[in-house]
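Peer 1: Below is a structure I'd like to ask you about.
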Amino acid sequence: MIQDMDFPTGGVRAKARCDELGVAPFSDQPDGLFRPYLGPAHKATQERLSQWMTEAGMRVETDAVGNIIGHYAGTTPDAPVLLVGSHVDSVRDGGRYDGMLGVLLGIELVSHFHRTGRRFAFALEVIGFGDEEGSRFPTYMMGSRSAAGLTQQIDDNVTDPEGVTLRDALAAWGLETSRFMTARRQNVLAYVEAHIEQAPYLDRAALPLGLVRGIASQCRYRVTLTGQADHAGTAMHERRDALAAAAEAITAIEKIGAQDPADLVTTVGWVSVENGAPNIVPGRVVLTIDIRAVTPGVREDVAQQIGDTLQTLCIRRHIGLEIERIQDLKGALCDKRLNTLLKQAIEQSSGTTPPLLLSQAGHDAMIMAHLAPMTMLFIRCKDGISHNPAESVDDADVEAAHQAMVTFVERFGETM
Ligand code: HGY
Ligand code: MN
Ligand code: MN
């Protein structure tokens, strides 16, 4: 447990706390970090965050979808809210700072004002979204979609790899999907998310902090390729090999992603071979496709191009093809006024002028943009590496982010 007397507060403590939360019991993976939605690690993390939020002078609640929220009152009981946050879940074998750093910087922000006795004409709230990555269930951004008041068609029969249904995982927390709509945050003036860049621009430019112009739209598909399982002794021309078809599809998808515009990316990040064995010609393969682009219309055009390409190769190979869209996230632009305030805050606090960057990584901020104007603060991460245990940040950069956020809130207060 990291107390004030052990560490300075602010960015250094935020980073140290990410490290503390990077291992058991705050991870469900013995040799790294996996903090899935509603797992034991999420529960232990929720309790620790609640402790730190309380120490920072906040009233703490858990909402109907399992997000944790700390409330630091404004000068009047009905004051509107400046909401700061990010996600507390992680990908499997993930980095310690993706998401969590933004939540802990929010707690440090409030802790600073609590220690100095500052109150504003708005309340400060810090939110830790429980399900952003969709790394346990085939869901995504359920936490922020609920907080933003977006309607969601959620099938709570979906199961995690261990066969636990979303319904049962929620019930263990006393939650159920029918109440997700009650999680909508009220009276929110703006949403601010500090997040590692998850790309190498700041590192290569030797800059600590960046602003975000917008977050790329993304969509995901589940593709099922059905051939015929057969003996590995089957003649090559007799086969309907689903994995060979998948291999051709994957390289075609990569080639399409590498074409213009530069802001287009395509990823096949998950493949499953049914009943895979060295001496069986694979009969059925399922894979996912993730398509992202900032330029409007590109995502849809590329999805069509990939669909046509897969159709052609499957006809040639006599392979059955099913393509199901499993995610559709519109892109979002950051609010110009908030970006100007944040830019001024960074210049005032760190003396550096932040570049304006595009985010190919998705963030809760793209969802919260449906609820209120939003802005993002990017923090340099080494070589831009993320979704990888090698993810790392510098104390000095995290402290610069903390100082920029304190200055941002003070300037935001001056605009009220
Ligand atoms: O997929 C994303 O961009 C985010 O990490 N969930
Ligand atoms: Mn992530
Ligand atoms: Mn993230």
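Residues in the sequence shown are numbered from 844 upward in steps of one, following my numbering.
For every residue, glycine included, the Cβ atom is placed at its ideal position computed from N, Cα and C.
(1) With a threshold of 8 Å, are at least 3 pairs of Cβ atoms found where one atom belongs to the region 887-894 and the other to the region 980-993?
(2) CA-CA distance, A1188 and F965?
(3) Could you tell me which of Q1061, K1186, A1212, R878 sits nearest to T1138, measuring between CA atoms?
(4) Going by C-alpha distance, which of E1019, D999, T1067 is nearest C1157?
(5) Confirm the yes/no value for this check: CB of D1240, any heavy atom of ligand 3, distance under 7 Å.
(6) So L1086 and V1111 are in contact, right, with Cβ under 8 Å, and what is the actual spacing, rounded?
(7) Exposed or buried, what is T959 when buried is set at 16 or more other beta-carbons lying within 10 Å of its beta-carbon?
(8) Using CA atoms only, rank isn't needed, just tell me which of H1230, I1134, G917, L1013 is closest to T905.
(9) Taking the alpha-carbon positions, what's the F1255 to L1184 distance?
(10) How about E968: is its Cβ closer than 7 Å to a heavy atom in ligand 1?
(11) Can you give the Cα-Cα distance for A884 and A1042, rounded to whole angstroms?
(12) So if I measure from each beta-carbon to every heavy atom of ligand 3 and keep distances below 5 Å, which residues remain?
(13) In the DSSP output, which residue or residues are listed as bridge partners for H969?
(14) Could you tell me the distance, in whole angstroms, from the CA atom of I845 to the CA atom of R860?
(15) Going by C-alpha distance, which of Y1044, L1153, Y915 is nearest D1226?
(16) Alpha carbons only, please: which of L944, H914, N910 is nearest the one belonging to E863?
(17) Measure from the alpha carbon of D999 to the alpha carbon of each residue in P981, A1208, L948, then state which is nearest.
(18) Could you tell me if F1251 is buried or exposed, where buried requires 16 or more neighbouring beta carbons within 10 angstroms of its beta carbon?
(19) Express the C-alpha separation of E1019 and A1055 in angstroms, rounding to a whole number.
(20) Quick check on the DSSP output: the beta strand (DSSP E) that includes E1036 runs from which residue to which?
(21) Under 6 Å, CB to any heavy atom of ligand 1. Which residues pass, going along the chain?
(22) Does the distance from the CB of T1218 to the CB of L1181 come in under 8 Å?
(23) How long is the line joining the alpha carbons of G1119 and P1125, rounded to whole angstroms?
(24) Around the Cβ of D874, are there at least 16 other Cβ atoms within 10 angstroms (buried) or fewer (exposed)?
(25) Closer than 7 Å to a non-hydrogen atom of ligand 2 - does that hold for the CB of L934?
(26) Helix or strand or just coil, what does DSSP make of I1228?
Peer 2: Once the coordinates are examined:
(1) no
(2) 18 Å
(3) Q1061
(4) With distances taken between Cα atoms, C1157 lies closest to T1067.
(5) Between ligand 3 and the CB of D1240, the shortest heavy atom gap is not smaller than 7 Å.
(6) At roughly 13 Å, the Cβ-Cβ gap does not stay under 8 Å, so L1086 and V1111 are not in contact.
(7) Answer is exposed; the Cβ neighbour count stays below 16.
(8) L1013
(9) 7 Å
(10) no
(11) 27 Å
(12) D941, G942
(13) Sequence inspection shows Val at residue 969; the His mentioned does not correspond to that position. V969 pairs with G913, V927.
(14) Confidence in I845 is poor, its pLDDT being 42 and thus under 50, which makes the residue's placement too unreliable to answer from.
(15) Y1044
(16) L944
(17) P981
(18) buried
(19) A quick correction: the sequence has Val, not Ala, at residue 1055. One C-alpha to the other measures close to 35 Å.
(20) Unbroken beta strand (DSSP E) run through E1036: 1031-1039.
(21) E975, E976, A1204, G1205
(22) yes
(23) Roughly 6 Å separates the two Cα atoms.
(24) D874 is classed as exposed because its beta carbon has fewer than 16 other beta carbons within 10 Å across all chains shown.
(25) Per the sequence presented here, residue 934 reads as Val, with Leu not at that position. Result yes, Cβ under 7 Å from ligand 2.
(26) coil
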